[in-house]
């Protein structure tokens, strides 16, 4: 990045468009605001945005393209979800073999294009362009989407009220969301219409607006599809998808949220524990728990915190020829070879407790439960962990220590929890940085603000123990990337791993508070989710801002 800035400075000076005094002033502003020289010059009105892009194209050896009169194929445009193209001003405009050409406005987006196409397995060929070209390409993109989905939605909305039309509108919205890589669909009632938003890569994006009466009809359709359990399955283009619907009443009407989970192909390998953020002492604690012949390992976190992904990663570690593994899930999200996976069917009486009782009669060495939602299931799983089995499960709890309170809420006896538990993993998800963005130490004011949320001396000790900084380094050697101009690729977990020691068992039996349990866990070496997140930010995996936002949820 330093080399790029130096090269850009030379080209700007040679262009004659900006005086040396203006460049010096812009450098000071860029340093103060944590931005680039080019952006600082544009912000000061010393250079036009399109002139800057042409200079950057020459400086970085990246071609400059004009898309205004170009006929762009929809299969190229759709490589990048439309909300991301619109929000980041990046457009995929040409695909040749395994290469895709991507036009962008800002040199900072050079770090984003890998993220936007990595999953497609394509080589990225970045190109600079101007604002009019991006606008023209986005208009073409939206026109294509309208032709494929919007016209269907608009045509059928006129006939909403009829069962077939409502079904088609619902189907079109879901297909559109899936084509954009959405994990969730939000239908928010407004005063005169409804706003449809998609969550893509952890961030909500506006997708479309529909009439309020149509939104009400779609909600009704989703209720019919999901039934009492709030779940249903669909298949699109050969891909199986599990959907979970939920509804709430607001002052403007009913809000609907649809969570979409793609099923992995049978046998497709999942990410390793290290790939999803586990490291150092926390990773060692997890492996220690998995090496035991019995005990319960729970993964705690709110919805959409990556619990299922972590559960599958644990199963992958345990999945060897000598181990008999059975799971009870609702639904099965990934098929694992050699693992006996059971999906609940409440409609025929195969509830979570009934399914778990059934698999426990099948001589499993390891039993995994998709989620502990009721006391009966939780008690069955924990009792299994007392009789020579390793039990794994996820649970909706705010933290590792908070899991004990959640088990109490489920009417699990403290003696059972204390005896069965071996490890509890608390986690959140943060967006993963594509590459470091000019990492630098926190300013004094920033460090002081962070010190209000966490013990700085303790965190520095963790950073030293994890060898992220040297044994005698201070905070001036801890470097963090700025969220400004940051580009992200997917999400990664930040964790806390609580080992249930003899002292911890005593606290659980005595009904100790969450704060007392967490304090003891920290004494025994547990790094909290926030502390682990700061370590991730110090390794340029994410940013401090991402960590603080995730922990605040």
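Numbering (my numbering), first residue to last: 2 to 554.
Beta carbons: idealized from backbone N, C-alpha and C, even for Gly.
**OP:** List in chain order: all unbroken alpha helix (DSSP H) runs of 4+ residues lying wholly within the stretch 427-470.
**Re:** The alpha helix (DSSP H) runs lying completely inside the stretch 427-470 and spanning 4 residues or more are 445-452 and 457-466, given in chain order.
Subject >> Cβ contact check for the stretch 292-303 and the stretch 394-405: 3 or more pairs under 8 Å >> reply: Touching, per the Cβ criterion.
Original post:
Using the beta-carbon count (16 or more within 10 Å), is residue 278 buried or exposed?
Top reply: With 16 or more Cβ atoms within 10 Å of its Cβ, residue 278 is classed as buried.
Original post:
Beta-carbon separation of residue 233 and residue 215 under 9 Å?
Top reply: No, these two residues do not count as a Cβ contact at 9 Å.
**OP:** State the CB to CB distance for the pair residue 63 and residue 128, rounded to an integer number of angstroms; the pair is presumed to be in contact (CB under 8 Å).
**Re:** Right, the Cβ-Cβ distance comes to about 6 Å (below 8 Å), so this counts as a contact.
Original post:
In the structure shown, what three-state DSSP assignment does residue 236 receive?
Top reply: Assigned with DSSP and collapsed to three states, residue 236 falls in strand.
Original post:
Are the stretch 523-543 and the stretch 463-480 in contact at 8 Å, needing three or more beta carbon pairs?
Top reply: Here the stretch 523-543 makes contact with the stretch 463-480; the two share three or more CB pairs at distances below 8 Å.
Original post:
Going by DSSP, what residues sit across from residue 342 in a beta bridge?
Top reply: The partner list for residue 342 (beta bridge, DSSP) reads 328.
**OP:** Quick one: using the 10 Å Cβ neighbour count with 16 as the cut-off for buried, is residue 502 buried or exposed?
**Re:** So residue 502 ends up on the exposed side.
Original post:
What span of residues does the alpha helix (DSSP H) with residue 80 cover, start to end?
Top reply: No alpha helix (DSSP H) holds residue 80; DSSP gives it neither H nor E.
Original post:
Quick one: what's residue 103 bridged to in DSSP?
Top reply: Answer by DSSP bridge pairing, in chain order: 93 and 127.
Original post:
By DSSP, does residue 308 sit in helix, in strand, or in coil?
Top reply: Correct three-state label for residue 308: helix.
**OP:** Taking the CB atoms as reference points, tell me whether residue 542 and residue 493 lie closer together than 9 Å.
**Re:** Cβ distance < 9 Å, so residue 542 and residue 493 count as in contact.
**OP:** Sort out for me which residues DSSP pairs residue 86 with in a bridge.
**Re:** Paired residue(s): none; residue 86 is not in a bridge.
Original post:
DSSP three-state call for residue 262: helix, strand or coil?
Top reply: Per DSSP, reduced to three states, the secondary structure at residue 262 is strand.
Original post:
Cβ of residue 326 within 9 Å of Cβ of residue 370?
Top reply: For residue 326 and residue 370, no; Cβs fall outside 9 Å.
Original post:
Is residue 395 helix, strand or coil by DSSP?
Top reply: Residue 395: strand per DSSP, three-state reduction.
**OP:** May I ask you to list the residues that DSSP assigns as paired with residue 505?
**Re:** For residue 505, which the question treats as bridged, DSSP gives no partner whatsoever.
Original post:
With contact counted as at least three CB pairs below 8 Å, one residue from each stretch, are the stretch 411-423 and the stretch 374-382 in contact?
Top reply: Touching, per the Cβ criterion.
Original post:
Are the beta-carbon atoms of residue 451 and residue 545 separated by less than 9 Å?
Top reply: Yes, they are a contact pair.
Subject >> Touch test, the stretch 20-38 against the stretch 79-91, Cβ-Cβ under 8 Å, three pairs minimum >> reply: By the Cβ rule, the stretch 20-38 does not count as touching the stretch 79-91, because fewer than three pairs are nearer than 8 Å.
Subject >> Rounded straight-line distance, which links the Cα of residue 280 to that of residue 520 >> reply: The straight-line gap from Cα to Cα measures roughly 21 Å.
Original post:
Quick one, which of 205, 454 and 384 has its alpha-carbon nearest residue 420's?
Top reply: The candidate whose alpha carbon is nearest that of residue 420 is 384.
**OP:** Assign residue 388 to buried or exposed, taking buried as 16 or more other Cβ atoms, counted over all protein chains shown, within 10 Å of its Cβ.
**Re:** Label assigned to residue 388: exposed.
Subject >> Stretch-stretch touch, CB-based, cutoff 8 Å, three pairs: the stretch 8-19 with the stretch 89-101 >> reply: By the Cβ rule, the stretch 8-19 does not count as touching the stretch 89-101, because fewer than three pairs are nearer than 8 Å.
**OP:** Less than 8 Å between the CB atoms is what I'm expecting for residue 530 and residue 363, so what's the real figure, rounded?
**Re:** About 36 Å separates the two Cβ atoms, so there is no contact after all.
**OP:** Kindly indicate which three-state DSSP category residue 62 falls into: helix, strand or coil?
**Re:** Of the three classes helix, strand and coil, the one that applies to residue 62 here is coil, per DSSP.
Original post:
When the distance is taken between beta carbons, is residue 194 closer than 9 Å to residue 220?
Top reply: Against a cut-off of 9 Å, the Cβ pair of residue 194 and residue 220 comes out as no contact.
Original post:
Grouping DSSP H, G and I as helix and E and B as strand, with all else coil, what is residue 56?
Top reply: Look at residue 56 here: in three-state DSSP terms it is helix.
Original post:
So which of 432, 251, 309 and 140 has the shortest CA-CA distance to residue 372?
Top reply: Of the candidates 432, 251, 309 and 140, the one whose C-alpha sits nearest the C-alpha of residue 372 is 309.
Original post:
Whole beta strand (DSSP E) runs in the stretch 157-238 with 3 or more residues, listed along the chain?
Top reply: Restricting attention to beta strand (DSSP E) runs no shorter than 3 residues, the stretch 157-238 encloses them at 185-190, 194-201, 204-212 and 232-237, ordered along the chain.
**OP:** Indicate the three-state DSSP secondary structure (helix, strand or coil) for residue 351 in the structure shown.
**Re:** In the structure shown, residue 351 sits in a strand (DSSP, three-state: E or B).
Original post:
Alpha carbon to alpha carbon, how far is residue 4 from residue 243?
Top reply: With a pLDDT of 49 at residue 4, under the threshold of 50, the modelled position of this residue cannot be trusted; read the value that follows with caution. Across the structure, residue 4 and residue 243 are spaced so that their CA atoms are roughly 47 Å apart.
**OP:** Using DSSP bridges, identify the partner residues of residue 241.
**Re:** In DSSP, residue 241 forms a bridge with 236.
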